[in-house]
Amino acid sequence: MKRTILIDCDPGIDDAIAIMMALAAPELEVVGITTVGGNVGAEATTRNALALATLAGRRVPVARGRDAALVAETKRAESVHGLDGLGGARLPAPAYAEEKAPAWEFIRDMAARYPGQLEIAAIGPLSNIAMALSAYPETRSRIKGIHLMGGSIAYGNATPAAEFNILADPHAAAAVFQSGVPITMLGLDVTNRASLSARGLEDLRTVGGRVLTPCCSMLDHYLAAYRTFGRDSLALHDPLVIAWLLDPALVTLEPYYVAVETDGQYATGKTVVDIHSVAKRPPNALVGVELDPDGFVALMTRLLRSYDAPGAPGPLQGLE
Ligand code: RIB
Ligand code: CA
């Protein structure tokens, strides 16, 4: 039985790898991609999502969402992902247009079409999902799970306390964690270790392929950014969500109560993970605490290489 997946994202280089992995996996039916402002603005993340689906040869509906956070001031990460969001990699022009419905209506409609079956891979700020859950409360019981890249038990990457996706829209994140929808949280504690070394990137480039090669071009830009942080490897945050969906054994999860700081002096956007149950609140998320990094890289490589398998679809042609 295929799993019914909607990807909410802000491509973004690691989002792009995640999307290409998901579209290559026969176990997943990706019924839609919703885009949000995050790494770059929503116009660019939407164009990038359409170009990536075109490259994959899959006409997956793409619905544009919020450019700005619900309340917080806008945050971007062009220094990591490039002004275009994909490190300047050359992708085919989008072969089809975005949906007319905005992301939050598209999420509502997919939950209604696949009640109890729809799973959301949330790999950007949570603005669209919070809007859908708030504007259409009937959606909450229809979503089987929200599997998000975001937050951390320990430290942040956008501030000492906060991870980027949560910091970019802390009020949306707080609403999602309080929504009652089953949540899987893969935070920096595991995604920072879903890493590819510079040598590993060269190995991928040597393998090459019609999708792997442009992905390596994006990762060149991503690695250069990580090197400015003093790290000679890159963290594949978002791809770990897709890898875990396909092989749950890759990540060890623990049930914890998670709250989100929305109004701190130093810790706004911090996911406050109660690992010792001090607050005596029932867990509201399964949180990643350990991973198999080698298994992750092997699965990512296999999926990205599968686009060159005999009979695999080529890129979409023209406006389809
Ligand atoms: O902190 C990492 C997250 O922020 C990833 O989703 C990356 O794409 C950026 O959005
Ligand atoms: Ca992302």
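Sequence positions in the sequence shown follow my numbering and run 412 to 731.
Heads up, the beta-carbon is just placed ideally off N, CA and C, and yes, glycines get one too.
Values in this document were obtained by computation on a predicted structure and should not be read as measured data.
Which residues share a DSSP beta bridge with residue i?
{"i": "Tyr633", "result": "According to DSSP, which records beta bridges pairwise, Tyr633 is partnered with nothing at all."}
{"i": "Gly556", "result": "Glu530"}
{"i": "Met596", "result": "Leu559, Val698"}
{"i": "Val669", "result": "Val684"}
{"i": "Thr446", "result": "Cys420, Arg475"}
{"i": "Thr415", "result": "Glu440, Leu529"}
{"i": "Val662", "result": "Leu702"}
{"i": "Ala646", "result": "Ser606"}
Can you give me the C-alpha to C-alpha distance between residue i and residue j, rounded to a whole angstrom?
{"i": "Val669", "j": "Ala696", "result": "7 angstroms"}
{"i": "Cys420", "j": "Ser688", "result": "31 angstroms"}
{"i": "Pro593", "j": "Pro726", "result": "35 angstroms"}
{"i": "Ala579", "j": "Pro571", "result": "14 angstroms"}
{"i": "Leu597", "j": "Gly561", "result": "6 angstroms"}
{"i": "Ser717", "j": "Ala723", "result": "7 angstroms"}
{"i": "Asn603", "j": "Gln728", "result": "37 angstroms"}
{"i": "Glu549", "j": "Ser606", "result": "38 angstroms"}
{"i": "Ala573", "j": "Tyr566", "result": "7 angstroms"}
{"i": "Leu702", "j": "Arg414", "result": "22 angstroms"}
{"i": "Ala453", "j": "Ala720", "result": "33 angstroms"}
{"i": "Glu510", "j": "Phe640", "result": "38 angstroms"}
{"i": "Ala654", "j": "Arg524", "result": "25 angstroms"}
{"i": "Leu749", "j": "Thr445", "result": "Here the chain comprises residues numbered 412 to 731, so residue 749 is not present and cannot be evaluated."}
{"i": "Leu651", "j": "Thr712", "result": "12 angstroms"}
{"i": "Gly680", "j": "Gly449", "result": "14 angstroms"}
{"i": "Ala709", "j": "Tyr547", "result": "40 angstroms"}
{"i": "Tyr507", "j": "Val471", "result": "9 angstroms"}
{"i": "Phe575", "j": "Met412", "result": "34 angstroms"}
{"i": "Gly493", "j": "Pro422", "result": "11 angstroms"}
{"i": "Arg610", "j": "Gly619", "result": "14 angstroms"}
{"i": "Ala427", "j": "Glu440", "result": "17 angstroms"}
{"i": "Asp643", "j": "Ala483", "result": "32 angstroms"}
{"i": "Thr624", "j": "Gly675", "result": "43 angstroms"}
{"i": "Thr485", "j": "Thr595", "result": "25 angstroms"}
{"i": "Arg458", "j": "Glu516", "result": "19 angstroms"}
{"i": "Thr663", "j": "Asn568", "result": "22 angstroms"}
{"i": "Arg487", "j": "Met542", "result": "20 angstroms"}
{"i": "Arg638", "j": "Ala433", "result": "27 angstroms"}
{"i": "Lys691", "j": "Pro659", "result": "28 angstroms"}
{"i": "Arg469", "j": "Asp705", "result": "28 angstroms"}
Tell whether a beta-carbon distance below 8 angstroms holds between residue i and residue j.
{"i": "Gly496", "j": "Val442", "result": "no"}
{"i": "Asp600", "j": "Ser563", "result": "yes"}
{"i": "Ala474", "j": "Ala512", "result": "yes"}
{"i": "Asn438", "j": "Leu657", "result": "Residue 438 is actually Glu in this sequence, not Asn. Their beta carbons are under 8 angstroms apart, which means Glu438 touches Leu657 by this criterion."}
{"i": "Met431", "j": "Ala460", "result": "no"}
{"i": "Arg551", "j": "Ser590", "result": "yes"}
{"i": "Arg429", "j": "Ile577", "result": "Before going further, note that residue 429 is Ala rather than Arg in the sequence given. No, the Cβ-Cβ distance between Ala429 and Ile577 is not below 8 angstroms."}
{"i": "His632", "j": "Asp425", "result": "no"}
{"i": "Glu672", "j": "Val700", "result": "no"}
{"i": "Thr456", "j": "Pro505", "result": "no"}
{"i": "Ala435", "j": "Leu714", "result": "yes"}
{"i": "Val622", "j": "Ala514", "result": "no"}
{"i": "Ile518", "j": "Leu417", "result": "yes"}
{"i": "Phe588", "j": "Leu661", "result": "no"}
{"i": "Val698", "j": "Val684", "result": "yes"}
{"i": "Pro693", "j": "Tyr667", "result": "no"}
{"i": "Ala678", "j": "Val491", "result": "no"}
Please determine whether the Cβ atom of residue i lies at a distance below 7 angstroms from any heavy atom of ligand 4.
{"i": "Asn450", "result": "The model depicted lacks ligand 4 and carries ligand 1 and ligand 2 instead."}
Would you verify that the beta carbon of residue i is, or is not, closer than 8 angstroms to some beta carbon of chain B?
{"i": "Ser688", "result": "Of the chains in the structure shown, none is chain B; there is only one protein chain."}
Any contact between the stretch 532–544 and the stretch 472–485? By contact I mean 3 or more CB pairs, one from each, below 8 angstroms.
yes
Residue ranges of each alpha helix (DSSP H) run of no fewer than 4 residues wholly in the stretch 672–710, ordered along the chain?
none
What beta strand (DSSP E) runs, 3 residues minimum, are completely inside the stretch 448–509?
List check, beta strand (DSSP E) in window: 473–475.
Does the stretch 556–563 come within contact of the stretch 526–533, defined as at least 3 CB pairs closer than 8 angstroms?
Segment contact: the stretch 556–563 against the stretch 526–533, three or more CB-CB distances shorter than 8 angstroms; contact assigned.
Between the stretch 621–641 and the stretch 482–502, do at least 3 Cβ pairs fall closer than 8 angstroms?
With the cut-off at 8 angstroms, the stretch 621–641 and the stretch 482–502 touch.
Quick check: the stretch 605–621 against the stretch 570–584, are at least 3 beta-carbon pairs closer than 8 angstroms?
In this structure the stretch 570–584 does not lie against the stretch 605–621, because fewer than three pairs of beta carbons, one per stretch, are closer than 8 angstroms.
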